[in-house]
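*Asks:* Numbering (my numbering), first residue to last: 4 to 235.
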Amino acid sequence: MDAAPDGQVSLVDPDARSMASQAKGTGVVGYNVQTAVDTKNHLIVTHEVTNVGSDRHQLKTMAEAAREALGTEKLTAIADRGYYSGEQIKACDDAGIVPLIPKNFTSTSRADGRYDKSDFVYLRRRDAYRCPAGEYAIRRFTSIEKGMAIYKYWSSACPRCALRSKCTTSDYRRIGRWKHEHVLEKMQARLDRDPSRMQLRRQTAEHPFETIKSWMGPRTSSVEPCQRYPPR
């Protein structure tokens with residue numbers, strides 16, 4: 004296991020990998036099946052089988068395969084938040100594919116009763132964030148995080164701000180902005196204008212799986228689309 008690149012060895016099926024299933028606290032040694040389904044006919048137009056448990060790096064590959072299978076130049080790729088990756092979203096945008104993926108909310112600030120990033124308004128012409136107190140967080144430096152250029156912003160007014168306890172536990176509230184974050188903001192604006200797109204995704208992507216399971220015989224419990232398959 005130490006010699007394996009990903010620290011896993013499957014004795015039954017060398018290609019299979021341990022990955023989390025949809026049920027909490029459980030997993031399966033198997034594969035991750037990717038499908039692209041068209042919104043008109045609810046047919047699977049292309050698919051791929053991977054042994055990578057995460058979907059975050061699958062968006063562009065599947066979107067391009069779907070575009071080729073459909074023989075079209077224009078394509079809108081609608082996916083769930085498990086596919087949210089800034090790099091993948093930008094890659095689709097660069098390739099002329101319109102991505103629609105809801106954002107992952109990983110910050111605990113809101114849950115802890117503090118302001119989160121959405122409370123700070125980015126001003127493009129000024130290249131600064133306006134905070135809830137009306138101060139401006141300006142760009143200070145650029146850091147490289149996981150290969151991505153991240154701009155760092157904060158305001159000099161933080162230490163004496165009356166709202167600091169509602170904003171940060173540090174002396175300064177630092178805000179990170181990806182170099183290409185405007186691509187993510189453009190996508191979010193499209194989702195905000197038409198939030199029904201995510202309902203369309205559920206009706207589309209899950210339809211073929213439910214049909215297949217219906218063909219397999221009667222069931223007494225509800226099911227979810229299965230993307231994790233054990234080796235046969």
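For every residue, glycine included, the Cβ atom is placed at its ideal position computed from N, Cα and C.
1) Pull the bridge partners of S146 from the DSSP assignment, please.
2) Please give me, in chain order, every unbroken run of the beta strand (DSSP E) with length at least 3 that falls completely inside the region 24-75.
3) Could you tell me the distance, in whole angstroms, from the CA atom of K216 to the CA atom of H45?
4) Give me whichever residues DSSP pairs with S21 in a beta bridge.
5) Could you tell me the distance, in whole angstroms, from the CA atom of R204 to the CA atom of I81?
6) Using a 10 Å radius around the Cβ and a threshold of 16 neighbouring Cβ atoms, would you call G30 buried or exposed?
7) What first and last residue would you give for the alpha helix (DSSP H) that runs through I104?
8) Among the residues of its own chain, which have a CB less than 7 Å from the CB of Q37, if the five just before and after it don't count?
9) What's the call for V40, buried or exposed, on a 16-neighbour Cβ count within 10 Å?
10) Which class does R84 belong to by DSSP, given the choice of helix, strand or coil?
11) Check for me: the beta strand (DSSP E) holding A131 runs from which residue to which?
12) Can you tell me whether F108 is buried or exposed? The criterion is at least 16 other CB atoms within 10 Å of its CB, across all chains shown.
13) Name the DSSP beta bridge partners of W181, please?
14) Per the contact definition of three or more C-beta pairs closer than 8 Å, is the region 137-156 in contact with the region 171-186?
15) Return the residue from the list A7, Q191, F212, R133 that minimises the CA-CA distance to Y87.
16) Looking only at its chain, what residues have a beta carbon closer than 7 Å to the beta carbon of P102, apart from the 5 residues adjacent to it on each side?
17) Which residue comes first and which comes last in the alpha helix (DSSP H) that contains L14?
18) Helix, strand or coil: how does DSSP classify T79 here?
19) Quick test of your reading: S24 and V32, contact by CB under 8 Å. State the CB separation rounded to the nearest angstrom.
20) Assuming contact is defined by CB atoms lying nearer than 9 Å, are M201 and D58 in contact in what I supplied?
21) Answer yes if the region 131-150 comes into contact with the region 67-81, meaning at least three C-beta pairs across the two stretches below 8 Å, and no otherwise.
22) Taking the alpha-carbon positions, what's the P228 to E209 distance?
*Replies:* Let me spell this out:
1) Residue pairing for S146: DSSP places it in a beta bridge opposite I153.
2) The beta strand (DSSP E) runs lying completely inside the region 24-75 and spanning 3 residues or more are 30-40, 47-53, given in chain order.
3) Taking the straight line joining both Cα atoms gives about 15 Å.
4) Note: S21 sits in a beta bridge opposite V32.
5) Note on geometry: alpha-carbon atoms of R204 and I81 lie some 6 Å from one another.
6) Exposed.
7) In this chain, I104 is not harboured by any alpha helix (DSSP H), its DSSP state being neither H nor E.
8) These residues qualify, in order along the chain: H50, E51, T53, Q61, M65.
9) The residue is buried, with at least 16 neighbouring Cβ atoms inside 10 Å.
10) Helix at R84.
11) Residues 131-133.
12) With fewer than 16 other beta carbons inside 10 angstroms of its own, F108 counts as exposed.
13) Among the bridge pairs identified by DSSP, W181 is matched with I153.
14) Touching, yes, given that three or more Cβ pairs across the two stretches are closer than 8 Å.
15) When each option's Cα is compared against that of Y87, the closest is Q191.
16) Excluding its 5 nearest sequence neighbours in each direction, P102 has C-beta neighbours in its own chain below 7 Å: L62, A80, I92, C95, D96, M190, listed in chain order.
17) Here L14 belongs to no alpha helix (DSSP H), and DSSP marks it neither H nor E.
18) DSSP places T79 in strand when its eight states are reduced to three.
19) That belief does not hold up - the Cβ atoms of S24 and V32 are roughly 10 Å apart, past 8 Å.
20) With contacts defined as CB atoms closer than 9 Å, M201 and D58 fail to qualify as a contacting pair.
21) Here the region 67-81 makes no contact with the region 131-150; the two share fewer than three CB pairs at distances below 8 Å.
22) Its pLDDT being 42, under 50, P228 is placed unreliably by the model, and the measurement read from it follows with that caveat. A direct Cα-Cα distance of roughly 6 Å separates P228 from E209.
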